[in-house]
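S.K.: Under the numbering used here, residue 1009 is the last one in the sequence shown; the count climbs by one each step, no gaps. Please find one structure pasted underneath; my questions will follow.
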Amino acid sequence: MTTSPRVDVVVIGAGISGLFAARSLARSGVTVRCFEARERVGGRLHSVEIGRNGIDLGATWFWPDEVLVESVARDLGLAVFPQYLEGDALFEAGAPGPQRIQGNPIDVPSSRFTWGAQSMAGRLADELPLGSLSLGDPVNALRVDDAGVEVETASGTTSASQVIVAIPPALAAESISFSPVLPDALAETCRRTQVWMANTVKVVAIYAEPFWRRAGLAGAAVSYRGPFREIHDHSGPEGSPAALFGFAGAAYFDGQEPGLIGEAFLDQLVRLFGRDAANPETLHVADWSRERQTTPKTPSPMASTETYGHPLFQLPFLERLHWASTETAPAFAGHIEGALEAGMRAARNAGRAAKGVLPPAPH
Ligand SMILES: Cc1cc2nc3c(=O)[nH]c(=O)nc-3n(C[C@H](O)[C@H](O)[C@H](O)COP(=O)(O)OP(=O)(O)OC[C@H]3O[C@@H](n4cnc5c(N)ncnc54)[C@H](O)[C@@H]3O)c2cc1C
């Protein structure tokens, strides 16, 4: 166990919200230390490299009104490309089989990251001062008093003037011991704030070519038969790598092995798109309900999206603890855009309180 030098601001979590906050503060001359539980950055931005491109097991898209994502991507020099929309969609309600719908009412115009959404987190992390990011070092406890904040992680203790909690509030309430304890109303609001997409399984199948496009299909499907309720084309720019992805509710699989989940996905793809779908080159399964650094072990049965952007998350607790994470954003909560907005707000409040510095808004 070590005691690290005091910094102005500690950031808990190197998801996109925490990294954006940390980078904004560091750029303004505020000293930061960011602790991340996983051995990688990005949190719910999680991409797998396929050749020179990336496919996404977490977030994929951003939409035309999400100006902060666009400006940060541009600032970081990230290549983006449009979601493939052309061709007909499929709809499946039950026997005798899928219906072909003329055109594609399922996908809307959106953009994707050529190297995968996680590349945004990777670039932000690369811009942090050397030694300011600790991976595989979960925060277990936070003590706030008149002198400042003491942050206890797996490897040691760090003190700071301010702290930004950039993890989903429900996870913070479950996994971090707060001293003093959070007031009842705040603790209950945290527990009731559902972690966005935590109940989701996402599977990506990579193929040698986008065979569905040859048949005039968009690769988009909605299914009431399931288990995957939505399917989308997930190919890279110009169709390479060729890929389809699906979303299913995690409760359906109830913790089944990834291999079995992958098989269920392929069975459904064959039903929808024919035999060509049977033999992907690779299959990637993410069950976000099983990711303990995203989803609480015992989520509240009352958890919902109603508390997203709650006023209590906009106020610093004891004038030292600032909430970030997408769930705390008053606008675009759940999305990357909301995570960036929340990180920006927390960085401005923490920077001002620690050093009288206001990190500039990027747009
Ligand atoms: C399957 C899926 C699909 C999605 N699709 C889209 C999409 O297409 N478009 C879109 O805009 N959004 C999408 N989202 C949502 C998007 O991914 C999130 O809004 C965004 O990534 C949240 O970022 P965040 O920094 O707020 O939280 P997170 O990404 O959850 O980051 C929190 C970080 O804190 C770390 N952590 C947790 N506990 C601790 C601890 N005790 N100590 C230290 N570190 C800790 C975690 O490991 C993680 O890295 C999707 C999400 C999923 C899961």
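Don't be surprised by glycine CBs; every beta carbon is placed ideally from N, CA and C.
Within the continuous beta strand (DSSP E) that includes ILE658, where are the two ends?
M.R.: 648 to 658
S.K.: How should PRO925 be labelled, buried or exposed, when 16 other C-beta atoms within 10 angstroms of its C-beta is the threshold for buried?
M.R.: Note that residue 925 corresponds to Asn in the displayed sequence, not to Pro. The residue in question, ASN925, is exposed, as its Cβ has fewer than 16 Cβ neighbours within 10 Å.
S.K.: Within the present structure, is the beta-carbon of ILE982 separated from the nearest heavy atom of ligand 1 by less than 7 Å?
M.R.: yes
S.K.: Tell me whether GLY892 is buried or exposed, calling it buried when 16 or more other Cβ atoms sit within 10 Å of its Cβ.
M.R.: buried
S.K.: At a cut-off of 7 Å, would you count ALA660 as near ligand 1, judging by its Cβ distance to the nearest heavy atom?
M.R.: yes
S.K.: Taking all protein chains shown into account, do 16 or more other C-beta atoms lie within 10 angstroms of the C-beta of VAL713, making it buried, or fewer, making it exposed?
M.R.: exposed
S.K.: Any contact between the region 821 to 835 and the region 779 to 789? By contact I mean 3 or more CB pairs, one from each, below 8 Å.
M.R.: yes
S.K.: Using a Cβ-based criterion (distance less than 7 Å to any ligand heavy atom), does PHE824 qualify as near ligand 1?
M.R.: no
S.K.: Determine the extent of the alpha helix (DSSP H) in which ASP830 is found, giving its start and end residues.
M.R.: In this chain, the alpha helix (DSSP H) harbouring ASP830 covers 830 to 837.
S.K.: Please state whether the Cβ-Cβ distance between ALA771 and ILE658 is less than 8 Å.
M.R.: 8 Å or more divides the Cβ of ALA771 from the Cβ of ILE658.
S.K.: So, using beta-carbon positions, are ALA831 and LEU958 closer together than 8 Å?
M.R.: yes
S.K.: Are the Cβ atoms of GLY700 and GLN764 separated by less than 8 Å?
M.R.: yes
S.K.: Using 7 Å as the cut-off, classify the Cβ of LYS943 as near or not near the heavy atoms of ligand 1, replying yes or no.
M.R.: no
S.K.: Give the list of continuous alpha helix (DSSP H) stretches no shorter than 4 residues that lie fully inside the region 705 to 752.
M.R.: Taken in chain order, the complete alpha helix (DSSP H) segments of 4 or more residues contained in the region 705 to 752 are 713 to 721.
S.K.: Quick one, which of GLU903, SER756 and PRO751 has its alpha-carbon nearest TRP709's?
M.R.: Its Cα nearest to that of TRP709, the residue SER756 stands out among GLU903, SER756 and PRO751.
S.K.: Straight-line CA distance for PHE857 to PRO873?
M.R.: So the alpha carbons of these two residues sit roughly 22 Å apart.
S.K.: Indicate, with yes or no, if ligand 1 has a heavy atom lying under 7 Å from the CB of MET843.
M.R.: yes
S.K.: DSSP three-state call for SER778: helix, strand or coil?
M.R.: coil
S.K.: Considering only DSSP beta bridges, list what GLU695 is partnered with.
M.R.: GLY700
S.K.: Taking the continuous alpha helix (DSSP H) assigned at VAL676, which residues delimit it?
M.R.: From DSSP, VAL676 is part of no alpha helix (DSSP H); its letter is neither H nor E.
S.K.: Grouping DSSP H, G and I as helix and E and B as strand, with all else coil, what is TYR853?
M.R.: strand
S.K.: Which partner residues of VAL795 appear in the DSSP bridge assignment?
M.R.: VAL790 and ALA806
S.K.: Does at least one heavy atom of ligand 1 sit under 7 Å from the Cβ of GLN729?
M.R.: no
S.K.: Could you spell out where the beta strand (DSSP E) holding ILE877 opens and where it closes?
M.R.: Looking at the DSSP string, the run of the beta strand (DSSP E) that includes ILE877 is 874 to 879.
S.K.: Terminal residues of the continuous beta strand (DSSP E) containing ASP615?
M.R.: Nothing can be reported for residue 615, as the shown portion of the chain is limited to 647 through 1009.
S.K.: CB of VAL850 to nearest heavy atom of ligand 1: below 7 Å?
M.R.: No - ligand 1 has no heavy atom lying nearer than 7 Å to the Cβ of VAL850.
S.K.: Compare the beta carbon distance of THR974 and ALA896 with 8 Å and say whether it is the shorter of the two.
M.R.: no
S.K.: Sorted by chain position, which residues of the same chain lie with C-beta nearer than 7 Å to SER674's C-beta, five sequence neighbours on each side aside?
M.R.: GLY997, VAL1003 and PRO1005
S.K.: For the beta strand (DSSP E) holding SER757, just list the boundary residues, first then last.
M.R.: 757 to 759
S.K.: Can you tell me whether ASP721 is buried or exposed? The criterion is at least 16 other CB atoms within 10 Å of its CB, across all chains shown.
M.R.: exposed
S.K.: What does the Cβ neighbour count give for THR1062, buried or exposed, with the cut at 16 atoms within 10 Å?
M.R.: One cannot answer for residue 1062 here, as it falls past the ends of the chain, which runs 647 to 1009.
S.K.: Along the chain, where does the alpha helix (DSSP H) that runs through LEU958 open and close?
M.R.: It spans 957 to 960 - the alpha helix (DSSP H) in which LEU958 sits, taken as one unbroken run.
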